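Visitor: The opening position of the sequence shown corresponds to residue 16 in this note's numbering, with each subsequent residue numbered one higher.
Even glycine gets a Cβ: it sits at the ideal position worked out from N, Cα and C.
On a predicted model such as this, the values are computed, not experimentally measured, just so you know.
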Amino acid sequence: MKLFLAVCLFLLLIAMPHSGFSQKEVEISGVKYILHTVKKSETVFSLCQKYKVTQKEILQANQGLAAVLQTGSTIRIPVKKVEAEAPAKVEIAKPAQVDTELYYHKVTRKQTIFSIAKQYGITANDLIRFNPELSNGLMVGQVLKIPVKTVSQLTEPISVQQSATKYKVEKGETLFSLAARFGVEVSELKKANPSLFSRSLEAGETILIPAHSELNSKVSTDENPISLKAEEIYISGNCSPISGKNNQKYKAGLLLPFYLPGNDQINLTGIDKTSIIGKISLNKQVILAAGDTATIINGTNIDPKIEGFLEFYEGVLLAVDSLQNKGMNIELFVFDASNQQMINALLQLDEFRDLNLIIGPVYPELQETVASFAAKNRIPMISPLSPTGNFEQNNSWYFKVNPTKEFQIEQTATYIGSEFLGKNFILLQLSGNSTSTEAKLAQMSIEKLAEQSGKNMFHEYNFQKQGVNSIKPILSETGENIFFIPTDNEAQVSVAVTNLNALAENYNIVLMGTPTLTKLKSIQTENFHRVRLRYLSHYFIDYNKPLVRRFVSQYREIFSAEPTQFSHQGFDVAYYFLSALYRYGKDFRNCLPDYPMELTQMFFDFRKVTPMGGYMNTGLFVTAYERNFDILNYGSIGGK
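#1: Straight-line CA distance for residue 180 to residue 220?
#2: Going by DSSP, what residues sit across from residue 225 in a beta bridge?
#3: Which residue marks the beginning of the beta strand (DSSP E) containing residue 351, and which one marks its end?
#4: According to DSSP, is residue 576 part of a helix, a strand, or is it coil?
#5: Looking only at DSSP bridge pairs, what is residue 651 linked to?
#6: Out of 58, 94 and 136, state which residue places its alpha-carbon closest to the alpha-carbon of residue 49.
#7: Using the DSSP secondary-structure output, state which residues sit across from residue 91 in a beta bridge.
#8: Looking at the structure shown, is residue 508 part of a helix, part of a strand, or coil, going by DSSP?
#9: Rounded to the nearest angstrom, how far is the Cβ of residue 524 from that of residue 543, given a contact under 8 angstroms?
#10: Identify whether residue 644 lies in helix, strand or coil by the three-state DSSP scheme.
#11: What does residue 499 pair with, by DSSP beta-bridge criteria?
#12: Measuring straight from C-alpha to C-alpha, what distance separates residue 614 and residue 159?
#13: Whether or not the segment 624-634 and the segment 516-534 are in contact is what I'm after, with contact meaning three or more pairs of Cβ atoms, one per stretch, closer than 8 angstroms; do they touch?
#14: Check whether the Cβ of residue 137 sits closer than 7 angstroms to any heavy atom of the ligand GDP, and report yes or no.
#15: Throw me the rounded Cβ distance for the residue 399 and residue 373 pair, which I believe falls under 8 angstroms.
#16: Given 8 angstroms as the limit, is there contact between the segment 407-421 and the segment 429-447, that is, 3 or more CB pairs closer than that?
#17: With a cut-off of 8 angstroms on the beta carbons, I'd call residue 370 and residue 345 a contact; round off their distance for me.
#18: Could you tell me the distance, in whole angstroms, from the CA atom of residue 309 to the CA atom of residue 585?
#19: Grouping DSSP H, G and I as helix and E and B as strand, with all else coil, what is residue 219?
#20: Reducing DSSP to helix, strand and coil, say where residue 597 ends up.
#21: Taking the straight line between their C-alpha atoms, what separation do you get for residue 155 and residue 124?
#22: What does DSSP give as the partner residues of residue 515 in its beta bridges?
#23: Are three or more beta carbon pairs between the segment 377-395 and the segment 502-515 nearer than 8 angstroms?
#24: Can you confirm whether the segment 603-612 touches the segment 350-360 when touching is taken to mean that 3 or more C-beta pairs between the two stretches lie within less than 8 angstroms?
#25: To which residues of the same chain is residue 567 closer than 8 angstroms at the C-beta, ignoring the five residues directly before and after it?
#26: On the criterion of 16 or more Cβ atoms from any shown chain inside 10 Å, does residue 571 qualify as buried, or is it exposed?
#27: Within the same chain, show all residues whose beta-carbon is closer than 8 angstroms to that of residue 323, passing over the 5 residues directly before and after it, in chain order.
#28: Helix, strand or coil: which one does DSSP assign to residue 326?
#29: Could you work out which residue in 520, 456 and 441 is closest to residue 503 when comparing CA atoms only?
#30: Considering only residues of the same chain and omitting the five flanking positions on each side of residue 87, which have a CB-CB separation below 7 angstroms?
#31: Give the secondary structure of residue 236 by DSSP, where H, G and I count as helix, E and B as strand, and everything else as coil.
#32: What are the boundary residues of the beta strand (DSSP E) that residue 431 is part of?
#33: Are residue 637 and residue 551 touching if we call contact CB-CB under 8 angstroms?
#34: Reducing DSSP to helix, strand and coil, say where residue 552 ends up.
#35: Am I right that residue 639 and residue 547 are in contact with their C-beta atoms under 8 angstroms? What's the rounded C-beta distance?
#36: Determine, using beta carbons only, whether residue 535 and residue 500 come nearer to each other than 8 angstroms.
Here it is in structure tokens:
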């Protein structure tokens with residue numbers, strides 16, 4: 016009877032509305048949490064602002080939390096512990112004491128691990144931890160152990176203390192980049208520095224950083240030609256570096272559309288130091304000189320449509336070479352994966368079943384059977400280039416490198432709402448394309464600005480109807496004027512950018528957009544510099560970084576060509592995942608959120624998209640075009 020009442024009490028607490036949880040706390044395994052029921056439209060970011068915690072803290076407290084929160088679900092919000100030099104006491108009810116008891120549940124038809132976990136207000140990971148046999152699947156009639164917490168509320172007050180640390184602002188830093196770097200929110204920085212509500216940061220000034228922040232230390236590199244070093248982080252669970260790894264051979268498969276005759280396979284057990292390409296086994300054995308890979312294979316001119324994939328392949332080769340120099344024993348299999356018939360044949364090969372890592376295929380329409388094979392055989396599969404396809408939704412062995420367009424829209428809107436709070440925001444009204452990516456982003460940005468503050472200066476203006484001179488009364492003469500163009504129509508964007516260039520002679524103009532704008536051929540790059548274009552992207556190459564300079568130098572030496580974006584991405588993807596395989600072993604999935612690494616063009620921050628699904632990279636850069644014609648990285652955005 017006591018156990019039944021405890022279960023009822025716990026389920027009752029979960030079913031209570033949010034207002035109750037805002038005043039109640041629990042203690043689980045010695046850690047204090049607030050239980051929050053997710054409301055419609057709430058996001059991790061909005062909860063961070065509401066409870067004054069970072070995204071990383073929420074994600075760590077809720078293992079397997081989906082990127083998009085489910086309305087009605089219950090999540091844990093960690094209670095902050097802040098120490099101060101000059102204490103400002105706040106009375107808060109002491110958290111509840113929690114005891115864990117077990118309830119036994121008999122599985123019925125149509126139930127899943129996720130539905131059972133949700134029913135009892137626990138995570139899928141908790142359910143699996145108490146029932147290891149679930150790794151073999153869920154069966155009707157099976158009896159499961161359910162961890163249930165009984166809660167008793169205490170009212171004795173405790174005190175919380177607050178303090179801050181001084182920090183000198185460097186050139187190019189923004190409130191958003193500093194918030195991401197120190198693990199705080201923009202609103203917290205502004206509260207600690209009230210003058211920032213009405214002005215921008217200035218290089219050289221000293222500001223206060225709230226005490227609960229933590230600096231994300233920069234990752235160092237060693238002296239090898241292209242050698243990356245991850246931070247020595249030892250994570251709880253199965254994420255400690257494995258021992259004896261130098262004695263093991265790791266087999267990796269690379270699936271790219273080379274459109275070669277038959278189902279050809281390139282075997283690279285070891286890479287020849289004099290010719291990094293080495294010997295390639297096609298229909299007949301040939302040897303490719305390093306500089307020939309983009310022009311001739313087997314005496315045939317290369318189709319231009321596969322040049323990018325060859326460049327990606329060359330980047331992979333440099334990553335393999337670098338890791339072999341560090342002692343990793345790699346056997347690389349390269350397969351032509353141009354169509355479904357080839358894919359089906361590959362899945363029958365003994366070599367394919369023995370792989371420890373699969374990179375590719377490139378196209379989502381060819382990934383389904385490989386993704387299913389990878390999940391069945393528990394092999395990590397990497398989608399290296401495409402942001403489309405939804406296999407990460409229900410495949411826990413699937414990794415998407417390029418984030419979806421929808422995710423980038425949401426993050427850009429969040430950035431606008433935080434970075435341009437209190438600024439003069441102007442939405443240019445244009446005809447057509449109301450359902451475009453840019454139009455969706457404009458609407459979300461307005462909503463984010465409204466969430467942050469009701470004091471934002473917000474205007475809508477139509478250049479086509481009102482002309483350029485009539486806009487001057489709504490422009491700020493002393494502060495920044497943030498423009499957004501809600502269309503990807505090249506003709507309309509071109510006219511708008513031309514008008515903004517004229518205004519930029521006398522006003523402080525910033526054009527917020529998407530990477531799509533830079534691909535419009537009719538607009539000269541210098542025009543984007545004059546209006547200080549800014550956008551979020553999943554890649555940024557800083558040619559001043561020592562790592563990038565070494566990569567470019569070695570690529571030129573070996574391949575007699577300039578590396579492209581594909582070359583950099585091939586290196587980054589292969590180096591990162593092979594390093595994770597080398598460090599943690601085959602099942603490194605839960606280790607990646609705490610596996611930071613400096614790469615040549617990408618910032619990887621992999622997060623689960625659903626409790627039972629796979630992972631998507633959520634790392635983005637803020638790219639800024641400056642009037643002096645520099646293109647700068649204003650900071651990275653991710654969960655770390």
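Guide: Judging by the given coordinates:
#1: Indexing the sequence shown from 1 puts residue 180 at position 165. Indexing the sequence shown from 1 puts residue 220 at position 205. Cα to Cα, residue 180 sits roughly 14 angstroms from residue 220.
#2: Walking along the sequence shown from the start, residue 225 turns up at place 210. Its beta-bridge partners are 179.
#3: Here residue 351 refers to the residue found at position 336 when the sequence shown is read from its first residue. Counting along the chain, the beta strand (DSSP E) containing residue 351 begins and ends at 344-351.
#4: Along the sequence shown, read from residue 1 onward, the residue named residue 576 stands at position 561. DSSP places residue 576 in coil when its eight states are reduced to three.
#5: Taking the first residue of the sequence shown as position 1, residue 651 is located at position 636. Assignment of beta-bridge partners to residue 651 by DSSP yields 636.
#6: Looking up residue 49 in the sequence shown gives position 34. The candidate whose alpha carbon is nearest that of residue 49 is 94.
#7: Residue mapping note: residue 91 aligns to position 76 of the sequence shown, counting from 1. In the DSSP output, where bridge partners are listed per residue, residue 91 has 50.
#8: If you number the sequence shown from 1, residue 508 lands on position 493. In the structure shown, residue 508 sits in a helix (DSSP, three-state: H, G or I).
#9: On the sequence shown, residue 524 is found 509 positions in, with the first residue counted as 1. On the sequence shown, residue 543 is found 528 positions in, with the first residue counted as 1. Rounded, the Cβ-Cβ distance is 11 angstroms, inconsistent with contact.
#10: Working through the sequence shown from its first residue, we reach residue 644 at position 629. DSSP places residue 644 in coil when its eight states are reduced to three.
#11: In the sequence shown, the residue the question calls residue 499 occupies position 484. DSSP output for residue 499 lists 442 and 527 as bridge partner(s).
#12: Numbered from 1 along the sequence shown, position 599 holds the residue referred to as residue 614. Numbered from 1 along the sequence shown, position 144 holds the residue referred to as residue 159. Taking the Cα positions, residue 614 is about 44 angstroms away from residue 159.
#13: no
#14: What this structure holds is no ligand at all, so the ligand GDP is not there to describe.
#15: Here the question's residue 399 lines up with position 384 in the sequence shown. Here the question's residue 373 lines up with position 358 in the sequence shown. Residue 399 to residue 373, Cβ: 10 angstroms. No contact.
#16: no
#17: Reading the sequence shown from its first residue, position 355 is the one you call residue 370. Reading the sequence shown from its first residue, position 330 is the one you call residue 345. Rounded, the Cβ-Cβ distance is 12 angstroms, inconsistent with contact.
#18: In the sequence shown, counting from the first residue as 1, residue 309 sits at position 294. In the sequence shown, counting from the first residue as 1, residue 585 sits at position 570. With a pLDDT of only 33 at residue 309, under the threshold of 50, the placement of this residue in the model should not be trusted; the figure read from the coordinates follows. Going by the C-alpha atoms only, they are around 15 angstroms apart.
#19: For the purposes of this step, residue 219 is taken as residue 204 along the sequence shown, with counting starting at 1. The three-state secondary structure of residue 219, taken from DSSP, is coil.
#20: Within the sequence shown, residue 597 is the residue found at index 582, counting from 1. Helix, per DSSP.
#21: One-based indexing of the sequence shown puts residue 155 at position 140. One-based indexing of the sequence shown puts residue 124 at position 109. Answer to the nearest angstrom: the Cα atoms are 6 angstroms apart.
#22: Within the sequence shown, the letter at position 500 stands for residue 515. Answer by DSSP bridge pairing: none, since residue 515 is not bridged.
#23: no
#24: no
#25: Residue numbering aside, residue 567 sits at position 552 when the sequence shown is read from its first letter. Result list for residue 567: 558, 577 and 578, in chain order.
#26: Numbered from 1 along the sequence shown, position 556 holds the residue referred to as residue 571. Its Cβ having fewer than 16 others within 10 Å, residue 571 is exposed.
#27: Sequence index remark: in the sequence shown, residue 323 carries index 308 (1-based). For residue 323, where only same-chain residues beyond five positions count, the Cβ hits under 8 angstroms are 579 and 581.
#28: Taking the first residue of the sequence shown as position 1, residue 326 is located at position 311. Here residue 326 sits in helix by DSSP.
#29: What you label residue 503 is simply residue 488 of the sequence shown in a count that begins at 1. Nearest of 520, 456 and 441 to residue 503, Cα basis: 456.
#30: Counting from 1 along the sequence shown, the entry for residue 87 is found at position 72. For residue 87, where only same-chain residues beyond five positions count, the Cβ hits under 7 angstroms are 52 and 53.
#31: Residue mapping note: residue 236 aligns to position 221 of the sequence shown, counting from 1. With a pLDDT of 33 at residue 236, under the threshold of 50, the modelled position of this residue cannot be trusted; read the value that follows with caution. Of the three classes helix, strand and coil, the one that applies to residue 236 here is strand, per DSSP.
#32: Locating residue 431 in the sequence shown gives position 416, counting from the first residue. Element bounds for residue 431: not the beta strand (DSSP E) but the alpha helix (DSSP H), 420-434.
#33: Within the sequence shown, numbered from 1, the residue matching residue 637 stands at position 622. Within the sequence shown, numbered from 1, the residue matching residue 551 stands at position 536. Contact: yes.
#34: Within the sequence shown, residue 552 is the residue found at index 537, counting from 1. In this structure, residue 552 counts as strand in the three-state DSSP scheme.
#35: Sequence index remark: in the sequence shown, residue 639 carries index 624 (1-based). Sequence index remark: in the sequence shown, residue 547 carries index 532 (1-based). Yes, they are in contact, since the Cβ atoms of residue 639 and residue 547 sit about 7 angstroms apart, within 8 angstroms.
#36: Within the sequence shown, residue 535 is the residue found at index 520, counting from 1. Within the sequence shown, residue 500 is the residue found at index 485, counting from 1. Going by C-beta atoms, residue 535 is not nearer than 8 angstroms to residue 500.
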